[in-house]
Amino acid sequence: MILTVTFNPAIDKTAEVDVLIPQGLNRLKNVMQDAGGKGVNVSKTIQALHGKSIATGFLAGSAGEYIQKVLDELHIENDFVWVEGMTRTNLKVLDHDMELTELNEAGPVITETEIKQLKEKILSLIKPDDLVVLSGNVSYGVRKNIYRELIELVKQQGARVVLDADGELFAEGIQAKPYVIKPNKYELATYFGISQECSNEEIISLARTLLNDECRLVVVSMGKEGSIFLSNAGIYQAEALHIQAHSSVGAGDAMVAAIAYALEQNYDMEQLIALAVACSAGAVMTKGTQPADLAVVDTLVKQVIIQKLEEN
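If you're matching positions, the sequence shown starts at 0 in numbering that gives the first Met the number 0 and goes up one per residue.
Below you can see the structure in the form of structure tokens.
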């Protein structure tokens, strides 16, 4: 079973403009509204792959009710902790050049009591060998070491964690040695304090230091430069697919979903990589935060080019 945890879900509104005018009037077109938040997006992609997950985290108010309704309609099992306030609404604006501007609300303030309730809920839902996806930012009131605490808690139950976070959440989380870590190139460079213009060789050298007897897979996504996968099976590089892009929103979440699904299905390394790259590319081809259809993913999987760089 795969459990996705979203501390700060959102109604994601995606819109387009020809040219974004700062301090001026911008008329939005092609406005779409989705149930979002990184873990929610992961669950949506797993569902599109005909897999199953349970979505949990925090929801509040009528916006939270909307997200729950969407998940119910998609037949995605969900079990959230309900809190005071209002789940946030985020606006993502794409211009003609596919440049993204994001306007994100803060979301509800989470109390220590509510964090305890979420921990108890997670423990009640998981069993040994399950996969728990911790992804995205956290709400106000939540300590930055919360992912570290949850990883330690989940591992005590014999379950595995996929971590997709940045900043202090990432720095704290990796101390607990999650099973999978998926930073992008910017997040990895920031963590190690080096230039974002670093070479692939530098990326591999740094990412290799995160592998250990408990962290079995490190995936570094690099946008148009492709992605690098490091595991005990070796080091691989996958080229980015040449596709018609509509929105980069949710591409990383789709990759995380594919990784979790592939691990649950016991895919070999190259099968996992192909699915991860295909799902990420498929998400870029859709508008809003919608996952690609399975038929599209199946077509893209056949186009993925993988190079094994090193044996481990």
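Positions of the beta carbon are idealized from the N, C-alpha and C atoms, including for glycine.
What you are looking at is a predicted structure, and each value in this text was computed from that prediction instead of being measured.
For Y260, the closest of I125, K91, V131, N103 by C-alpha to C-alpha distance is V131.
The beta carbon of A232 is closer than 6 Å to those of M268 in its chain, skipping five residues each way along the sequence. Rounded to whole angstroms, the gap between the alpha carbons of Y266 and E15 is 38 Å. In this structure, G106 sits away from Y146, with a CB-CB distance that is not shorter than 8 Å. The DSSP-derived three-state label of L24 is coil. Rounded to whole angstroms, the separation of the alpha carbons of V255 and E224 is 18 Å. Per the Cβ contact rule, the segment 99-116 is not in contact with the segment 64-71 (fewer than 3 Cβ pairs under 8 Å). Comparing alpha carbon positions, the residue from Y185, L124, L168, P182 closest to A158 is L124. The alpha carbon of S42 has as its nearest neighbour, out of F57, A206, V4, V18, the alpha carbon of V4. When the Cα atoms are used, C197 and F228 turn out to be separated by approximately 17 Å.
Secondary structure note for L99: its beta strand (DSSP E) is the uninterrupted segment 99-103.
Secondary structure of N211 (DSSP, three-state): coil. Counting only runs of 3+ residues, the beta strand (DSSP E) found wholly inside the segment 223-259 occupies 226-230, 233-237, in chain order.
Non-local beta-carbon contacts of R87 in its own chain, meaning distances under 6 Å to residues more than five positions away in sequence, involve A9, E104, G106 in chain order. If the five residues before and after H95 are omitted, its C-beta is found closer than 6 Å to the C-beta atoms of D17, all from its own chain and listed in chain order. Closest by C-alpha distance to Q174, out of V300, E151, L299, is E151. Per DSSP, V16 is not a residue of any beta strand (DSSP E), being assigned neither H nor E. Rounded to whole angstroms, the gap between the alpha carbons of V296 and C278 is 6 Å. Counting only unbroken stretches of 3 or more residues, the beta strand (DSSP E) elements lying wholly within the segment 97-164 are 99-103, 130-134, 159-163, in sequence order. Between V137 and I258, the beta carbon gap of about 21 Å keeps them out of contact (Cβ cut-off 8 Å). In the DSSP annotation of this structure, the continuous segment of the alpha helix (DSSP H) that includes A275 starts and ends at 268-284. Residues L152, Q156 of the same chain have their beta carbon placed closer than 8 Å to that of L122, with the five preceding and five following residues left out of the count. Here I304 is exposed, its C-beta having fewer than 16 other C-beta atoms within 10 Å. Under the three-state reduction of DSSP, V82 is assigned to coil, being neither helix nor strand. Closest in C-alpha terms to N7, from the list D33, N199, V141, I242, comes V141.
In the three-state scheme derived from DSSP, where H, G and I count as helix and E and B as strand, F6 is classed as coil.
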